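In the numbering used here, the protein residues as written are 660 to 925.
Every residue gets a Cβ at the ideal spot worked out from N, C-alpha and C, and that includes glycine.
Note that the structure is a prediction, hence the values are computed from the model and not measured.
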Amino acid sequence: MKAWLALLIGMYSVGAAFADAPKTSIRPFPRPALVQPLVAVAPEQVATTLPDLARLRPLHRPVLTTQALPIAAPEKPRKGLLGLLTPRAKPTKKASASRKGSVCGVPSIKGKTLPRITSKTKSCGIEDPVSVTSVDGATLSTPATIDCATAIALNTWVQRGLRPAFPSAEIASLTVVDSYSCRPRNNVAGNKISEHGKGHAIDIAGVTFANGKSLTVSRNFKTLRRAYKAGCGIFGTTLGPGSDGYHEDHMHFDTAPRRSGGAYCR
660 MKAWLALLIG MYSVGAAFAD APKTSIRPFP RPALVQPLVA VAPEQVATTL PDLARLRPLH
720 RPVLTTQALP IAAPEKPRKG LLGLLTPRAK PTKKASASRK GSVCGVPSIK GKTLPRITSK
780 TKSCGIEDPV SVTSVDGATL STPATIDCAT AIALNTWVQR GLRPAFPSAE IASLTVVDSY
840 SCRPRNNVAG NKISEHGKGH AIDIAGVTFA NGKSLTVSRN FKTLRRAYKA GCGIFGTTLG
900 PGSDGYHEDH MHFDTAPRRS GGAYCR
């Protein structure tokens with residue numbers, strides 16, 4: 660009986676609880692600890708809380724200091740023909756830059772004018788001879804007695820033919836073995852007068868460079884061949900080793916006028 664009575668009382672209590680339930684949900688109240696009132700802050704206070712912008716600028720980097728590198732000792736000149744290809748410093752002031760001592764109206768041709776050369780031999784002589792001592796800064800081993808047309812051609816050949824053939828070497832001098840001489844061609848009796856007898860020709864047997872190295876036509880013509888060939892057209896006639904048997908040890912250049920207007924190059 661007591662058990663049944665307890666059960667009935669419990670069921671009555673649950674029914675009463677459902678009968679008294681509210682029609683709408685109860686809203687939760689904010690917790691005091693989580694709600695904080697908004698406080699207005701003065702602009703001055705905001706400014707003091709911002710970081711100092713000047714500190715954000717990049718700092719100046721220290722100036723880098725350089726240390727001078729040791730200068731290498733100059734390279735010693737190379738021996739043999741390969742030494743001719745070693746680049747060399749050009750002189751700061753060439754002798755050809757000044758008109759002092761120049762002839763034929765060309766500053767780079769040095770020498771002196773000579774009085775008219777006459778001869779008892781027909782066709783020999785020079786109307787306006789000059790004694791040339793250097794062309795384009797290259798000294799002649801022996802002053803060449805020629806006319807101005809030949810002097811200018813020789814100067815042009817050194818500039819456009821000889822120097823370009825040896826771009827890394829400084830030309831110091833030319834070995835001259837003949838210029839004016841009243842004689843027959845190839846020194847053969849009965850031949851016509853050579854262009855040497857008219858001041859139109861010059862014979863070059865070798866070239867010496869500023870480093871002391873030398874090339875001779877008799878021994879080094881293969882090396883000189885490019886320069887020799889460049890003379891064709893600058894001169895009216897070019898003769899050298901293999902041309903006719905009379906010029907095996909030198910290069911013959913002359914400015915003899917030709918009817919065809921061309922050049923005779925062998």
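Out of Gly865, Ser919, Asn870, point me to the one whose CA is closest to His906's CA. Numbered from 1 along the sequence shown, position 247 holds the residue referred to as residue 906. Checked all of Gly865, Ser919, Asn870; the closest Cα to His906 is Gly865.
Could you have a look at Pro823 and say whether DSSP puts it in helix, strand or coil? For the purposes of this step, residue 823 is taken as residue 164 along the sequence shown, with counting starting at 1. Of the three classes helix, strand and coil, the one that applies to Pro823 here is helix, per DSSP.
Indicate whether the contact test is met: 3 or more Cβ pairs, each with one atom in the region 803-810 and one in the region 776-788, closer than 8 Å. Output reads yes: the region 776-788 touches the region 803-810.
For Ser793, which three-state DSSP category applies? One-based indexing of the sequence shown puts residue 793 at position 134. Of the three classes helix, strand and coil, the one that applies to Ser793 here is strand, per DSSP.
Cβ distance (whole Å) where Leu799 is taken to contact Val835 below 8 Å: As a first step, residue 799 is located in the sequence shown; it is residue number 140 there, counting from the start. As a first step, residue 835 is located in the sequence shown; it is residue number 176 there, counting from the start. Yes, Leu799 and Val835 are in contact; Cβ-Cβ is about 5 Å, under 8 Å.
Going by other Cβ atoms of all chains shown within 10 Å of its Cβ, with 16 needed for buried, is Lys779 buried or exposed? The residue labelled residue 779 in the question sits at position 120 within the sequence shown. The residue in question, Lys779, is exposed, as its Cβ has fewer than 16 Cβ neighbours within 10 Å.
When the Cα of Phe894 is compared with those of Ala831, Ala860, Ile768, which residue comes out closest? Here residue 894 corresponds to residue number 235 of the sequence shown, with the count starting at 1. Taking each of Ala831, Ala860, Ile768 in turn and checking the Cα distance to Phe894, the smallest one comes out for Ala860.
Find the nearest neighbour of Arg925 within the set Phe912, Arg918, Arg917, judged by alpha-carbon distance. Looking up residue 925 in the sequence shown gives position 266. Considering only alpha carbons, the answer is Phe912.
For Arg885, which option in Thr875, Arg844, Leu821, Val847 has the closest C-alpha, if you only look at C-alpha atoms? Residue numbering aside, residue 885 sits at position 226 when the sequence shown is read from its first letter. Ranking the options by Cα distance to Arg885, first place goes to Leu821.
Starting from the C-beta of Thr914, find all residues in its chain whose C-beta is less than 7 Å away, skip the five residues before and the five after it, and write them out in chain order. To locate residue 914, count along the sequence shown from 1; it is residue 255. These residues qualify, in order along the chain: Ala808, Thr809, Ala812, His859, Phe894, Gly895.
Alpha-carbon spacing of Pro733 relative to Lys781, whole angstroms: Within the sequence shown, residue 733 is the residue found at index 74, counting from 1. Within the sequence shown, residue 781 is the residue found at index 122, counting from 1. Because the pLDDT of Pro733 is 46, which lies under 50, any placement of that residue in the model is unreliable, and the number read from its coordinates should be weighed accordingly. Between the alpha carbons of Pro733 and Lys781 lies a gap of roughly 58 Å.
For the region 830-846 and the region 861-880, state whether three or more C-beta atom pairs, one from each stretch, are separated by less than 8 Å. Verdict: yes, contact present.
DSSP three-state assignment for Ser919, whether helix, strand or coil: Residue mapping note: residue 919 aligns to position 260 of the sequence shown, counting from 1. Three-state result, Ser919: coil.
Only counting the same chain, and skipping five residues up and downstream in sequence, which positions put a Cβ closer than 7 Å to that of Asn845? Here residue 845 refers to the residue found at position 186 when the sequence shown is read from its first residue. Contacts found: Tyr905.
Where does the unbroken alpha helix (DSSP H) through Phe880 begin, and where does it stop? As a first step, residue 880 is located in the sequence shown; it is residue number 221 there, counting from the start. From DSSP, the alpha helix (DSSP H) with Phe880 extends over 876-889.
Distance, Cα to Cα, Ser793 vs Lys851? Reading the sequence shown from its first residue, position 134 is the one you call residue 793. Reading the sequence shown from its first residue, position 192 is the one you call residue 851. Taking the straight line joining both Cα atoms gives about 30 Å.
Just the C-alpha distance for Lys877 and Asn870, rounded to the nearest angstrom, thanks. Your numbering for residue 877 matches position 218 in the sequence shown. Your numbering for residue 870 matches position 211 in the sequence shown. Residue identity differs from the one stated: residue 877 is Ser in this sequence, not Lys. Distance between the alpha carbons of Ser877 and Asn870: 21 Å.
Would you check if the distance between the CB atom of Leu789 and the CB atom of Gly770 is smaller than 8 Å? Residue numbering aside, residue 789 sits at position 130 when the sequence shown is read from its first letter. Residue numbering aside, residue 770 sits at position 111 when the sequence shown is read from its first letter. In the sequence as presented, Leu is not what sits at residue 789; that position holds Val. Against a cut-off of 8 Å, the Cβ pair of Gly770 and Val789 comes out as a contact.
Chain B beta carbons: is any one of them nearer than 8 Å to that of Thr897? Annotation note: the requested chain B is absent from the structure, which comprises a single protein chain.
Ala864: first and last residue of the uninterrupted beta strand (DSSP E) it sits in: Taking the sequence shown and counting its residues from 1, the one referred to as residue 864 is at position 205. Residue range 860-868 is occupied by the beta strand (DSSP E) that includes Ala864.
Count the other CB atoms within 10 Å of the CB of Val817; is the residue buried (16 or more) or exposed (fewer)? Sequence index remark: in the sequence shown, residue 817 carries index 158 (1-based). Of the other Cβ atoms in all chains shown, 16 or more fall within 10 Å of the Cβ of Val817; this residue is therefore buried.
Shortest alpha-carbon distance to Ser827 belongs to which of Tyr839, Lys888, Phe868? Within the sequence shown, numbered from 1, the residue matching residue 827 stands at position 168. Checked all of Tyr839, Lys888, Phe868; the closest Cα to Ser827 is Phe868.
Return the Cβ separation of Ser757 and Gly796 in integer angstroms, given the expectation that the two are a contact with Cβ distance under 8 Å. Looking up residue 757 in the sequence shown gives position 98. Looking up residue 796 in the sequence shown gives position 137. For a cut-off of 8 Å, the C-beta gap from Ser757 to Gly796 is around 11 Å, too long to register as a contact.
Where Thr914 falls: helix, strand or coil (DSSP): Locating residue 914 in the sequence shown gives position 255, counting from the first residue. In the structure shown, the three-state DSSP call for Thr914 is coil.
By the DSSP assignment, the alpha helix (DSSP H) with Thr815 in it spans what residues? On the sequence shown, residue 815 is found 156 positions in, with the first residue counted as 1. Note, Thr815: alpha helix (DSSP H), 807-816.
Going by DSSP in three states, Gly770 sits in which element: helix, strand or coil? One-based indexing of the sequence shown puts residue 770 at position 111. DSSP places Gly770 in strand when its eight states are reduced to three.
Can you tell me where the beta strand (DSSP E) holding Thr897 begins and where it ends? Numbered from its first residue, the sequence shown carries residue 897 at position 238. For Thr897, the enclosing beta strand (DSSP E) has its first and last residue at 896-898.
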